[in-house]
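All remarks here apply to the structure that follows.
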Amino acid sequence: MHSRFLFLVLLLLMPLAYADQAVIKKDDPVLEKRVMDLSAHLRCLVCQNQTIADSNAELAVDLKNQVREKLQQGQSEQEILDYMVKRYGEFVLFSPLVKSTTWLLWFGPLLLLIVGMGVLFVILRQRRKMMRQAPTLNADEHARAASLLSGKEGKGHS
Amino acid sequence: MNRFLLPLGAFIVLVIFLWIGLTLNPREVPSPLINKIAPTFRLPQLHDAAKTIGPEDLRGKVWLLNVWASWCVTCRQEHPLLVELGRQKLVPIYGLNYKDNRDDGLALLRNSGDPYTLSAYDREGNVGIDWGVYGVPETFVIDKSGLIRHKFIGALTPELIQNKLIPLVKELNGA
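So the sequences go chain by chain: P and V. Counting with this note's numbering, you get residues 1 to 158 for the letters of the first sequence. Counting with this note's numbering, you get residues 159 to 333 for the letters of the second sequence.
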């Protein structure tokens with residue numbers, strides 16, 4: 001009986017153990033929206049293909065708290081992004097900056113599309129030219145083609 | 159024959175790119191803090207909450223800042239190497255006990271040896287964020303003028319210590 005009571009007490013205390021972990025503090029929905037909007041631009045470095053808005057990793061929660069704190073202090077979105085870049089590098093930005101080293105990344109797909117269209121255009125034009133230059137048949141050949149098509153002649157057929 | 163050359167060429171280029179991609183480690187994000195002044199802090203010491211420590215106290219020395227925690231398994235693997243390095247007295251190692259429980263941290267040092275000249279106690283992990291820490295353990299090399307010269311992400315290995323860390327410390331001390 002005594003141990004069962006103890007078990008119950010421990011069970012009730014369990015949430016307190018979690019209280020030690022990084023907790024998400026939220027009370028103001030407007031602020032929370034700004035925090036989430038900004039967090040969607042920041043990469044979680046532990047789980048690299050997620051933003052810190054999507055991630056529940058401990059570091060992501062910490063960074064969200066940091067973002068919230070700084071917004072509360074009245075810092076602008078840009079100031080906070082700059083702060084993060086200064087500490088974690090540009091990789092922390094979820095969409096890479098457009099600059100000379102990332103041009104290929106940003107415009108590469110467009111470039112591939114243009115090249116692909118060009119190749120397609122050239123091939124189609126060549127094909128059309130070939131069609132136009134296709135040798136015309138004389139009367140004999142026409143007759144033979146007709147008989148082949150009707151199936152009366154031809155060694156391959158059985 | 160010719161019509162196969164172009165796709166084959168494109169395929170080979172692709173394979174080369176993917177091959178290079180496989181050798182890269184996406185976990186290692188180069189720190190923008192390299193060759194910058196180490197972010198300042200003032201934190202209570204792990205062993206004595208009444209005393210504080212900050213990078214300013216260490217100006218004029220080459221020192222290491224090792225970010226660790228008792229809950230971090232990789233740190234425990236790295237720990238004996240740090241103890242060994244501490245014994246060699248080549249460079250003072252300072253600890254940043256990161257988001258840890260004070261008693262757990264102290265217990266680890268008692269049981270496995272304490273390689274740190276001093277450990278700072280960063281309960282909230284704010285200093286960690288300031289230093290761009292995203293995975294413990296991390297080890298920073300700071301030079302005499304207070305610049306961060308190198309950052310090791312993840313556990314140190316005997317090879318890293320021999321081939322990279324010690325030569326760098328010697329170079330910085332010589333300069």
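For every residue, glycine included, the Cβ atom is placed at its ideal position computed from N, Cα and C.
Per DSSP, cross-strand counterpart(s) of residue i
{"i": "residue 210/V", "result": "202/V"}
{"i": "residue 223/V", "result": "252/V, 298/V"}
{"i": "residue 324/V", "result": "DSSP, once it has assigned bridges, lists no residue as partnering residue 324/V."}
{"i": "residue 310/V", "result": "297/V"}
{"i": "residue 278/V", "result": "203/V, 254/V"}
{"i": "residue 336/V", "result": "Only positions 159 to 333 of chain V appear in this structure, which leaves residue 336/V out of reach."}
Pair within 8 Å by beta-carbon distance, residue i and residue j
{"i": "residue 220/V", "j": "residue 301/V", "result": "yes"}
{"i": "residue 161/P", "j": "residue 70/P", "result": "Any question about residue 161/P goes unanswered here, given that chain P covers just 1 to 158."}
{"i": "residue 240/V", "j": "residue 316/V", "result": "no"}
{"i": "residue 222/V", "j": "residue 252/V", "result": "yes"}
{"i": "residue 229/V", "j": "residue 272/V", "result": "no"}
{"i": "residue 231/V", "j": "residue 254/V", "result": "no"}
{"i": "residue 307/V", "j": "residue 326/V", "result": "yes"}
{"i": "residue 256/V", "j": "residue 225/V", "result": "yes"}
{"i": "residue 190/V", "j": "residue 304/V", "result": "no"}
{"i": "residue 67/P", "j": "residue 35/P", "result": "yes"}
{"i": "residue 45/P", "j": "residue 187/V", "result": "yes"}
{"i": "residue 102/P", "j": "residue 109/P", "result": "no"}
{"i": "residue 145/P", "j": "residue 137/P", "result": "yes"}
{"i": "residue 47/P", "j": "residue 40/P", "result": "no"}
{"i": "residue 31/P", "j": "residue 72/P", "result": "yes"}
For residue j and residue i, believed in contact at Cβ under 8 Å, the rounded distance
{"i": "residue 288/V", "j": "residue 197/V", "result": "4 Å"}
{"i": "residue 309/V", "j": "residue 192/V", "result": "7 Å"}
{"i": "residue 168/V", "j": "residue 235/V", "result": "Rounded, the Cβ-Cβ distance is 44 Å, inconsistent with contact."}
{"i": "residue 94/P", "j": "residue 42/P", "result": "6 Å"}
{"i": "residue 88/P", "j": "residue 292/V", "result": "7 Å"}
{"i": "residue 185/V", "j": "residue 319/V", "result": "In fact, because the Cβ distance is near 20 Å, the residues do not count as touching under 8 Å."}
{"i": "residue 237/V", "j": "residue 270/V", "result": "5 Å"}
{"i": "residue 62/P", "j": "residue 283/V", "result": "5 Å"}
{"i": "residue 98/P", "j": "residue 106/P", "result": "6 Å"}
Near-chain V residues of the region 58 to 91 of chain P - C-beta to any C-beta below 8 Å: 58, 59, 62, 63, 66, 85, 86, 87, 88, 89, 90, 91
At 4 residues or longer, what runs of the alpha helix (DSSP H) sit wholly inside the region 23 to 94 of chain P? 29 to 39, 58 to 72, 77 to 88
In chain order, what residues of the region 107 to 133 of chain P put their CB closer than 7 Å to some CB of chain V? none
The region 283 to 295 of chain V: which residues have C-beta closer than 9 Å to a C-beta of chain P, in chain order? 283, 284, 286, 287, 288, 289, 290, 291, 292, 293
Taking a cut of 9 Å between CB atoms, which residues from the region 190 to 210 of chain V lie near chain P? 190, 191, 194, 197
Proximal residues, the region 174 to 191 of chain V versus chain P, C-beta separation under 9 Å: 184, 185, 187, 188, 189, 190, 191
Check each residue of the region 28 to 51 of chain P: if its Cβ is closer than 7 Å to any Cβ of chain V, include it; give the result in chain order. 45, 46, 48
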